[in-house]
Amino acid sequence: MSKARSKVREKELQEFIQNTKGQSYTDRTIGWFKKNLNEIVTSGELAQLPGKNDKPISHSMRRVFELRDEKGFDIINWQSKNKSEKTLKVDEWILLNENPDPSKIRSRGVNKKIRNEVFTRDNFTCQQCGRTPDDEDPFREGQKIKLHVGHIFAHKQKDEGKNLNDKKLEAKDFLTQCHICNEGGKNENLKIITPIDRVLKYDEKTQKNIYLQLKKKFS
Ligand SMILES: [Zn+2]
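Per the working numbering, residue 222 is the first one in the sequence shown, and the count goes up by one each step.
The structure is reproduced here in structure tokens:
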């Protein structure tokens, strides 16, 4: 994470945090963007913004993507088509318009309807490692798994030079992923959880019940 760019900037950020006490992380983030409209905001600054209880939050960058994809705010980063005169580096962001554009929501993001469809179809289970929101985050003690919808064809289409924004997205374009698999990278050695693993974790009474049910079914 890059640090706030200067002491003045750092002071401004601390003042902003004081003045927005009690606000949610998302509200503070969009507030900080609006305060710096058309100016560069860094990932480091965004990571310093606390949530409602004044504690830092995890996955702060995901919230930025949500503001863009689910609320329609025109937030660009170094990967965006160049819509600003400024050249952006990794970890730099700009909000180009104070007001969100709802028409951007459906074409770029995953709306609630698709989300629900995908989660229901996949039985609220990560399709890569089998974890569910009932499971512990193996990398963070005391934290549970969070589910996301991952785009199946995003990278493929990018390679083929197609513009993803022109396509109407449907549930079949997505799969359920836990936040670890969704972030990629550190999930390489993640143990896959199978339905059998789950059954073996149940108490004996439940296991016996399942056994009897299956026995009945297959005998
Ligand atoms: Zn997973």
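The beta carbon of each residue, even a glycine, is placed where N, CA and C say it ideally should be.
Under the DSSP definition of a beta bridge, which residues are partnered with Trp314?
Val262 and Asn298
Host beta strand (DSSP E) of Phe395 (start-end): Phe395 to Cys399
Cβ separation of Thr247 and Arg284, assumed to be a contact under 8 Å, to the nearest whole Å: 6 Å
Beta-carbon spacing of Pro321, Gly351 below 8 Å: no
Legend entry - Backbone secondary structure at Pro277 - three-state DSSP: strand
* Would a C-beta distance cut-off of 8 Å place Gly363 and Leu396 closer than the cut-off? -> no
| C-alpha gap between Thr263 and Pro271, whole angstroms | 15 Å
TODO: Report the rounded CA-to-CA distance for Lys393 versus Leu368, giving the unit in angstroms.
DONE: 17 Å
With respect to 7 Å, is the separation between the Cβ of Ile315 and the closest non-hydrogen atom of ligand 1 below this value? no
Closer than 7 Å to a non-hydrogen atom of ligand 1 - does that hold for the CB of Arg352?
yes
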